[in-house]
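Structure first, then comments.
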Amino acid sequence: MKNDHRFWLWGYVLEKVPGKAFFVDGTTSCSLETAADYLNCDNLFWMNPLHSMDALNDFQCELLSRFGTVIGGLTHIEANGPGLGNWQMYYRESAIKLAKLSLRYPNIKGAIIDDFRSAVGPSKNMTDEELHAVYSSMKEINPALKLYLVQYHTTQDIRKLETCRNDFDGLTLWSWNSTDYFWDALYHESIRVVREHFPDKELIQGQFIHAYGEGNFAQPMDQLKKQCSKFAYSLDRKNIDGWCALQSGWFCREDHREQVEYLKNFWDWYRNTRTIR
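Numbering (my numbering), first residue to last: 3 to 279.
Written as structure tokens, this is what we have:
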């Protein structure tokens, strides 16, 4: 396992195989730890707890215990059923449970709130005070833990996080719709603005290998290749601190094979051709 803190994978542990991973249709045979081994990736966003605090269990933690860094999703549940609303947020409760697990599994190094204050997300009206309660509760148990927030490049104003800047440690940044115009004309400026406002935060750029924003198909190869080039450029210049692929459940699908193999090849090339003194 090459321990490179810059490369991340987002996904779900399968408790049975084949099994269900959220946001992957049907079933999949690729669990998070399997995809991480394939990519030689030591840093994981473990998203099972996003949907149920029951996932914060020893079985899943043991499966991930050999990886260097595990960040767990904090729980929100659509009480009326998928797509039917009535979101219930259990961020503080799941943060406390995750923090207690981290005392027994030291590779659990933090938590992430998905779709933080997204206009259509469960936390769209979450206050600074509520975020502080999550952050402080987690830190009281394990001060070393980090809290990450998900943000979207073109649909959210990063400056709105200024008022809660003391209650998170890092951002994962995503573009829901992939277009030449965004990557060529807007991307580097978007990163510059984030870095300008939050120079002390860890910035991890996310990459969808499935085109969620365009439909139910693999990310078009021309877009995937363009993204890889842009992210490598930004990593080289330390404009971003990390790069995260989403998500593991698609890795075993033949209609995503070209995307997955290209990403692996690109990561291998990048990590093995940059000399570090």
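Quick reminder that beta carbons are idealized off the backbone N, C-alpha and C, glycines included.
Computed from a prediction, not measured in an experiment: that's the story for all the values here.
With DSSP run on the structure shown, which of helix, strand or coil describes residue 5?
coil
Classify residue 275: buried if its beta carbon has 16 or more other beta carbons within 10 angstroms, exposed otherwise.
exposed
So residue 75 and residue 51 are supposed to be a Cβ contact under 8 Å. How far apart are they, rounded?
5 Å
Per-residue DSSP class, three states only, for residue 149
strand
Do you know whose CA, among 110, 60 and 54, lies nearest residue 93's CA?
54
Quick one, which of 152, 14, 253 and 191 has its alpha-carbon nearest residue 241's?
The residue with the shortest Cα to Cα distance from residue 241 is 191.
Delimiting residues of the alpha helix (DSSP H) encompassing residue 19:
Run containing residue 19: none; DSSP gives neither H nor E here.
Are the beta-carbon atoms of residue 119 and residue 126 separated by less than 8 Å?
Against a cut-off of 8 Å, the Cβ pair of residue 126 and residue 119 comes out as a contact.
Can you check whether the CB of residue 87 is closer than 8 Å to the CB of residue 80?
yes
Please identify the residue among 154, 186, 206 and 195 whose C-alpha is closest to the C-alpha of residue 172.
Its Cα nearest to that of residue 172, the residue 206 stands out among 154, 186, 206 and 195.
From 149, 179 and 253, residue whose alpha carbon lies closest to that of residue 169
149
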